[in-house]
Each structure stands twice: as structure tokens, then as C-alpha cells.
Amino acid sequence: MTEVKLVVQRFDPFKDVKPRMMEYAVPKREGMTVLDALLYARDYLDHSIALRFSCRQASCGSCGMKINGRPRLACYTQVAELGGEKVVAQPMDNFAIIKDLVTDLESFFEKHREMMPYLIRADSQEMEKPTAEYVMKPEELEKVLQFTYCIKCGLCTSSCPTVATDSKFPGPQALAQAYRYIVDPRDGGEEKRLELLDDAHGVWRCHFAGSCSFVCPKGVDPALGIQLLKRHVMTGKGPRRDSEAAKVWTAPATTPPQT
Amino acid sequence: MKESILMLVQYATAVAAVALVSVHLIMQGVIYPYATAISFNNILSIYTNGFYAVFLEALLVVVLVHGFNGVRIILSEFRQTKPWTSWVDAATVLAIIVTVAYGTRTVILAVFGGAPA
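These protein sequences, in sequence, are chains A and B.
The opening position of the first sequence corresponds to residue 1 in our numbering, with each subsequent residue numbered one higher.
The opening position of the second sequence corresponds to residue 260 in our numbering, with each subsequent residue numbered one higher.
And the structure:
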């Protein structure tokens with residue numbers, strides 16, 4: 001049976017002074033993901049390895065980590081696709097380490113929350129007790145659709161060079177979500193969000209390295225969202241709601257089918 | 260001032276600088292003989308042309324505003340505290356004013372035929 005050499009960065013901030021690398025020999029099998037290899041190591045070789053995971057199908061975004069130097073989801077990365085016999089697993093950059101491969105995502109989610117990732121409308125009563133649907137044309141949906149695929153795994157933020165140096169920078173995930181809601185024809189919270197974004201540490205600090213889009217496991221292009229957001233802030237143009245689309249559509253009364 | 264306005268200034272001065280520097284390089288490298296282009300007397304004679312003096316003043320302002328605003332952006336990412344940001348903003352404005360004033364002094368003195376000290 002062939003084996004893969006799994007190298008895991010170990011660090012417990014309460015005990016260790018600095019991280020150390022530990023090697024585990026894991027039996028390789030067809031279709032094995034890095035998460036499978038890590039779970040094998042944890043279950044059979046070293047129970048003290050700390051890692052976070054949940055869905056095992058690239059939906060929950062829990063198992064984000066740096067694999068062979070690149071931020072990836074462990075459940076979405078096959079050992080075979082990495083080539084070679086060595087897999088190096090490290091915690092994501094730009095986040096504090098809780099233990100081993102588990103990072104503290106609190107600031108990440110806080111920045112996401114700051115962008116008010118929900119529809120803001122004046123007709124709050126209609127939102128609470130809807131009487132009809134909000135109109136959204138297919139072409140308007142297309143403008144925001146890819147950004148709705150974000151699973152908040154944090155890989156984009158861990159790869160962002162600006163996040164590494166500017167702690168106040170919202171990061172690619174939060175900015176892309178801000179764009180997603182600003183251009184949503186059903187939303188009316190543009191001014192509130194732009195107040196946060198048009199700041200010395202806001203959207204303008206993105207220098208378009210593009211690494212966020214490169215590492216996104218869901219094919220989202222946060223770098224594109226940020227550039228479109230810049231254009232929107234600068235010109236007030238770009239994909240924008242039209243007044244008709246923001247209105248509530250009232251379904252016409254239908255007659256029951258005749259039998 | 261809103262960051263978007265400062266960035267608009269940054270982009271506008273970048274575009275203007277490309278145009279002005281291009282004209283400047285063409286003048287110095289093609290129209291004037293290259294060998295004497297940066298000689299003291301040649302430069303002084305250029306300033307006596309009113310149109311070119313205005314052009315050089317515009318080049319001075321555009322490049323300095325763009326350059327110092329760029330440094331401000333880099334420094335503002337360096338630290339995230341409010342005092343630091345305020346200090347950087349103030350230093351940027353001061354640096355632009357001082358350097359533009361000194362450069363303008365040079366242009367004015369040269370226009371009127373005096374060699375700047």
C-alpha cells in the first residue's frame with residue numbers, strides 16, 4: 001500500500017512558543033481528500049490534531065487551510081491532484097491560530113456583519129409580512145448571482161496582501177458581499193454601506209492582486225466585485241437598480257382552472 | 260475629504276502625468292538636441308518661453324500631488340490608528356504645499372531670467 005507523507009503544522013498558543021511541523025504516514029487510497037488524510041491521522045495516529053470540518057462537500061466552508069502553500073478547502077482537495085507524495089497542511093494566513101489548523105474567524109465574520117449582508121428597505125412591514133414577491137429580472141440576478149455562492153470559508157481573506165497589513169481593511173469577502181447587496185435591485189441600503197466603504201481603510205485599499213479570486217473554491221470573483229464597487233463609488237454608475245424593479249410586484253388575481 | 264475624491268485626484272493626476280511627461284520627454288529627447296537638453300543654459304532658456312513655463316508648472320503640480328498622495332496611501336496602510344492617519348494626511352498636505360511652492364519659485368525666477376539659488 002502506498003503512503004502519503006502528511007506534514008501538519010502544530011501549534012497550541014497556550015503551550016507552544018512557536019509552530020512546529022509533524023509528519024504522519026497515511027495510507028493512500030483512490031479519491032482521498034486532504035481532509036480524509038487529516039482525519040485518518042487524527043483517528044489512528046495522533047488524537048491531538050485539531051482541525052475544523054463539517055459538510056465534507058465544499059458547502060460549509062469550515063475546513064479552509066493552507067495546503068502545499070495555497071489556501072484551499074481540505075475536503076475539496078484531492079491528495080492525487082497535489083502531485084508528489086507530500087502534503088503540507090498549515091492554518092490559513094491572516095487569522096489568529098486557535099490550535100493547529102483551527103483559526104479564529106471572529107474578525108472575519110464581524111467584517112461580514114458590518115457590511116449589513118441583508119436587504120435593507122423602507123417598507124419593513126412588507127418584508128416582515130410579505131403580500132407579494134419583489135421583482136428581480138433575470139439580468140439583474142445575473143449581476144449578483146456569483147457573489148451569492150460565497151460560503152464564507154475565509155480563503156480569499158487569508159490570501160489577501162492588504163488584509164495582511166491593514167487590520168481595518170474589510171477584506172475581499174466582505175467587500176464582495178457589500179457589492180452584492182448594493183447592486184441588488186431589491187435593496188435600498190446603498191448609502192449606509194458606502195459610508196463604511198468610502199474610507200481610508202475601505203474599498204480603495206484593494207490593489208487588485210487578484211489572489212482572492214484565484215483561491216476561491218466556489219468560483220466567485222471577489223476582485224471583480226471590488227473593482228465594480230470602486231466604479232460604483234466613483235461614478236455612481238454600473239449595474240444599478242431601476243426604480244421599477246425595486247417595487248413590490250403584486251400578483252394578479254387568478255381564476256381557478258375550470259374543470 | 261472622502262477617500263473616493265482623493266482617489267479620483269490620484270487617477271486624474273496619473274493620466275495627466277502620463278500626457279505631460281510624454282510631451283516633456285519628446286521635447287527634451289526629440290525636439291531639443293539630447294546632448295544639450297539638460298545643460299543649465301538650455302533649461303533656463305526653456306523657462307523663458309511662457310507657454311513652456313506654464314506647462315512645466317502644471318507638470319510640477321501634477322507629479323507632486325500624485326507622488327505625495329501615493330505615499331499617503333502607502334503610509335495609511337502602515338498603521339491603522341486615527342492619530343497616524345491624521346498625521347499622514349497633514350504631512351502630505353504640507354509636503355505638497357512646500358514642494359509646489361519651492362518648484363514654483365524656481366519656475367518664476369527662471370521665467371524672469373534669474374538663476375535660482
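Ideal placement from N, C-alpha and C gives every residue a C-beta, glycine not left out.
Counting only the same chain and skipping the five closest in sequence on each side, list residues whose C-beta sits under 6 Å from that of A:K99. D12, A50
Please name the residue in A:A209, A:A174, A:H207 whose C-alpha comes closest to that of A:R193. A:A174
Segment contact flag, the segment 179-195 of chain A with the segment 207-217 of chain A, C-beta cutoff 8 Å, min 3 pairs: no
Check the Cβ-Cβ distances between A:V8 and every residue of chain B, and say whether any is below 9 Å. no
I need the straight-line Cα distance from B:V275 to B:V352, nearest angstrom please. Note on residue identity: the sequence assigns Ala, not Val, to residue 275 of chain B. Whole-angstrom Cα-Cα distance: 20 Å.
Can you find at least 3 beta carbon pairs, one from the segment 343-360 of chain B and one from the segment 290-308 of chain B, that sit closer than 8 Å? no
Quick check: what's the CA-CA separation for A:C160 versus A:G171? 7 Å
Examine chain A for any beta-carbon lying closer than 9 Å to the beta-carbon of B:S298, and answer yes or no. no
Beta-carbon contacts of A:Y76 that lie in its chain and below 6 Å, excluding the five residues immediately before and after: A58, P217
Return no unless some Cβ of chain A is closer than 9 Å to the Cβ of B:I332. yes
Under the three-state reduction of DSSP, which class applies to A:T77: helix, strand or coil? coil
Cβ neighbours of B:T344 in the same chain (closer than 7 Å, five flanking residues each side left out): S335
Interface partners of A:T162 on chain B, CB under 8 Å: E336
Over the uninterrupted beta strand (DSSP E) stretch that includes A:L6, give me the two end residues. 3-10
Mind checking who A:E23 pairs with in its DSSP beta bridge? A:V7
Using 10 angstroms around the beta-carbon of B:V277, count the other beta-carbons present and answer buried if the total reaches 16, otherwise exposed. exposed
What is the DSSP secondary structure of A:K218, reduced to helix, strand or coil? coil
At 8 Å on the CB atoms, spell out the chain B contacts of A:K200, in chain order. Inspection of the sequence shows that residue 200 of chain A is occupied by Ala rather than by Lys. Residues of chain B passing the Cβ test: E262, S335, T344.
Evaluate the contact criterion for the segment 140-157 of chain A versus the segment 54-71 of chain A: three or more CB pairs, one atom per stretch, below 8 Å. yes
Say whether chain A places a C-beta atom closer than 9 Å to the C-beta of B:M266. yes
Should A:F11 be flagged as near chain B, meaning a C-beta pair shorter than 9 Å? no
So, does the segment 355-369 of chain B touch the segment 310-322 of chain B, judging by three or more C-beta pairs under 8 Å? yes
If we count the other Cβ atoms within 10 Å of its Cβ and call it buried at 16 or more, is A:T148 buried or exposed? exposed
In three-state terms, what does DSSP make of B:Q339? coil
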